[in-house]
Amino acid sequence: MPGETTCVKCDQPIKGRIIAALGKYWHPEHFICQSCNLPITGDKFNQKDGLPYCEEDYAKLYLKKCGACGNPIKEKVIMALGKEWHEEHFVCTICGKKLAGMNFFEKDGAPYCQNDYNNKFAPKCNNCRKPIIDIAILALGEKWHQDCFKCSKCDKPIMDPTFEVVDEKPICATCSGI
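With the working numbering, the residue at position 88 of the sequence shown is 212, and numbering never jumps.
Structure below.
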């Protein structure tokens, strides 16, 4: 009949309750999620290519997945290390500190805060065993902080490239007389 509203799903006239959504008309029982085929009730649904999806299935099918937990990301997406992350899951692998908006380091695809990265991966000073993050001195087959490479006699840092080695310990040019 002219003037009758027809359901986009079954192409039959709609009598009684009608759902108007996505610029189309539906019988209530035909307004269903395209994935799970369950009726969509209430106001909350998503659409893809003009077809309705329940929020849960839309999230599973079309939203980015978190690189940490694998669940869909419905809020702010953090993009780092070639992955997408929930903001609360983009954290240092060791201490759990949030890294969104901060400088971070990567090793083998895992994010680290600067402190933990240095402690775990930076070379260690032969004297104090702390990470070397600036300039290192390479002497006696070891790495040293500038201030830690000291004369074994006067305990002053050795700044001159000329020094003597006695009993496998460095002695500055002044103390050795060279």
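Idealized CB from N, CA, C, for every residue including glycine. Please read all numbers here as calculations on a predicted model, not as lab measurements.
Below 7 Å CB to CB, which residues in the same chain sit around L175 once its five sequence neighbours on both sides are set aside?
Numbered from 1 along the sequence shown, position 51 holds the residue referred to as residue 175. Contacts found: Q158.
For the alpha helix (DSSP H) containing N242, list its first residue and its last residue.
Sequence index remark: in the sequence shown, residue 242 carries index 118 (1-based). Q238 to F245 is the span of the alpha helix (DSSP H), which, as asked, contains N242.
Scan the stretch 151-203 and note each continuous alpha helix (DSSP H) run of 4 residues or more that stays entirely inside, going in chain order.
For the stretch 151-203, whole alpha helix (DSSP H) runs of length 4 or above, ordered along the chain, are 179-186.
Using DSSP with H/G/I as helix, E/B as strand and the rest coil, what is C296?
Residue 296 sits at position 172 when you count from the first residue of the sequence shown. In the structure shown, C296 sits in a strand (DSSP, three-state: E or B).
Decide yes or no for the touch test of the stretch 245-252 against the stretch 269-277: beta carbon pairs closer than 8 Å, at least 3 of them.
Segments in contact, yes.
Note down, one range per segment and in chain order, each beta strand (DSSP E) of at least 3 residues found wholly within the stretch 216-284.
If we require 3 residues or more, the beta strand (DSSP E) runs fully inside the stretch 216-284 come out as 229-231, 234-236, 260-263 and 266-269.
If you follow the beta strand (DSSP E) that K207 is in, where does it begin and where does it stop?
The sequence position of residue 207 within the sequence shown is 83, counting from 1. It spans K207 to H210 - the beta strand (DSSP E) in which K207 sits, taken as one unbroken run.
With respect to the beta strand (DSSP E) encompassing E288, which residues constitute its N-terminal and C-terminal limits?
Numbered from 1 along the sequence shown, position 164 holds the residue referred to as residue 288. Counting along the chain, the beta strand (DSSP E) containing E288 begins and ends at F287 to V290.
From what residue to what residue does the beta strand (DSSP E) around I143 run?
In the sequence shown, residue 143 corresponds to position 19, counting from 1. Unbroken beta strand (DSSP E) run through I143: I143 to A145.
Y241 to F214, Cα distance in whole Å?
Counted from its first residue, the sequence shown places residue 241 at position 117. Counted from its first residue, the sequence shown places residue 214 at position 90. Y241 and F214: Cα-Cα distance of roughly 15 Å.
For C193, which option in V289, E212, K200 and L185 has the closest C-alpha, if you only look at C-alpha atoms?
Taking the sequence shown and counting its residues from 1, the one referred to as residue 193 is at position 69. For the residues V289, E212, K200 and L185, the minimum Cα distance to C193 belongs to E212.
Just the Cα atoms here: how many angstroms apart are D173 and Y182?
Position 49 of the sequence shown, counting from 1, holds the residue named residue 173. Position 58 of the sequence shown, counting from 1, holds the residue named residue 182. Each residue's Cα considered, the two are about 12 Å apart.
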